[in-house]
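Colleague: This is the structure I want to talk about, given as structure tokens.
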Amino acid sequence: GEDVEQSLFLSVREGDSSVINCTYTDSSSTYLYWYKQEPGAGLQLLTYIFSNMDMKQDQRLTVLLNKKDKHLSLRIADTQTGDSAIYFCAESIASGYSTLTFGKGTMLLVSP
Amino acid sequence: DAGVIQSPRHEVTEMGQEVTLRCKPISGHDYLFWYRQTMMRGLELLIYFNNNVPIDDSGMPEDRFSAKMPNASFSTLKIQPSEPRDSAVYFCASSLARNEQFFGPGTRLTVL
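From first to last, the protein sequence lines are chains A and B. Its first residue numbered 384, the first sequence is counted upward by one per residue in the working numbering. Its first residue numbered 3, the second sequence is counted upward by one per residue in the working numbering.
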């Protein structure tokens, strides 16, 4: 079955790097996603990685995928107070149309 | 495009009342999803439609919940009768084929 686990909370200081971790159980996952939810808003796609990749970088965001350990991480460089939000990891399988399975989210709090 | 539009943004009702949540997907998108978010259970997929046809409603918690999509630009999620445990934030999302899901701002439902 599908299950996505995340730590619930992370606190960092402005300017530091943040690393949010996620583990998933379905080895047939093909796409893995990071979504961001700001207070009172819906989820917004930040980035995604295809399962045949190990790493993807997009400006301040770096996604690392360890497929052997089924571990996904999101690194935010030079974290800003505006990065404070809940970050969701999600997985999908490419056969047919697959729905997304979300983790419960990691709340990132960035202090000045 | 205005993005996914949901109404109302907030709904407070009493136990036993009927509640109708509304969603307008992004024009041209062929998939529509209804999610429920709670602290305890995280983000759960309730039902999704493809080209206005319900594809998978296995996430709908009980017969009290029903969803319709009469046309490509409108969907409703109805709860009748509502119960306090239905209190949650309900999100609608839409996508074009298997691409990124765009989320609406959500409806915060409180059942007293």
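For every residue, glycine included, the Cβ atom is placed at its ideal position computed from N, Cα and C.
#1: Quick one, are the C-beta atoms of C472/A and V387/A less than 8 Å apart?
#2: Where do the N-terminal and C-terminal ends of the beta strand (DSSP E) with K80/B fall, by residue?
#3: Within 8 Å (strictly less), CB to CB, does E102/B reach chain A?
#4: Over what stretch of residues does the beta strand (DSSP E) that includes L114/B continue unbroken?
#5: Under a three-way DSSP split, which group does G479/A fall into?
#6: Going along the chain, which residues of the segment 18 to 31 of chain B sit with their C-beta nearer than 8 Å to a C-beta in chain A?
#7: Between G384/A and chain B, is there a C-beta pair that is closer than 8 Å?
#8: Could you name the residues of the segment 33 to 51 of chain B whose beta carbon sits closer than 7 Å to any beta carbon of chain A, in the order they occur along the chain?
#9: Quick one: residues in its chain with C-beta nearer than 7 Å to the C-beta of R443/A, no 5 flanking neighbours on either side, listed in chain order?
#10: If you count every other CB in all the chains shown that lies within 10 Å of the CB of H12/B, and 16 or more means buried, which is it?
#11: Identify the contact partners of F67/B in chain A, using a Cβ-Cβ distance below 8 Å as the criterion.
#12: Determine whether the beta carbon atoms of S390/A and K453/A lie at a separation below 8 Å.
#13: In the DSSP assignment, the beta strand (DSSP E) including M71/B goes from what residue to what residue?
#14: What whole-angstrom Cβ distance do E2/B and L448/A have, given they're in contact under 8 Å?
Modeller: Let's see:
#1: yes
#2: 76 to 81
#3: yes
#4: No beta strand (DSSP E) contains L114/B, which DSSP labels as neither H nor E.
#5: Because the pLDDT of G479/A is 49, which lies under 50, any placement of that residue in the model is unreliable, and the number read from its coordinates should be weighed accordingly. Coil at G479/A, not helix or strand.
#6: none
#7: Reliability of the predicted coordinates at G384/A is poor, the pLDDT of 48 falling under 50, and the value obtained from them is presented with this limitation in mind. By this cut-off, G384/A is not an interface position.
#8: G44, L45, L47, Y50
#9: I459, A460, D461
#10: exposed
#11: What F67/B touches in chain A: nothing, since even the nearest Cβ is about 17 Å away.
#12: no
#13: 67 to 73
#14: Since the displayed chain B opens at 3 and closes at 114, residue 2/B lies outside it and no answer follows.
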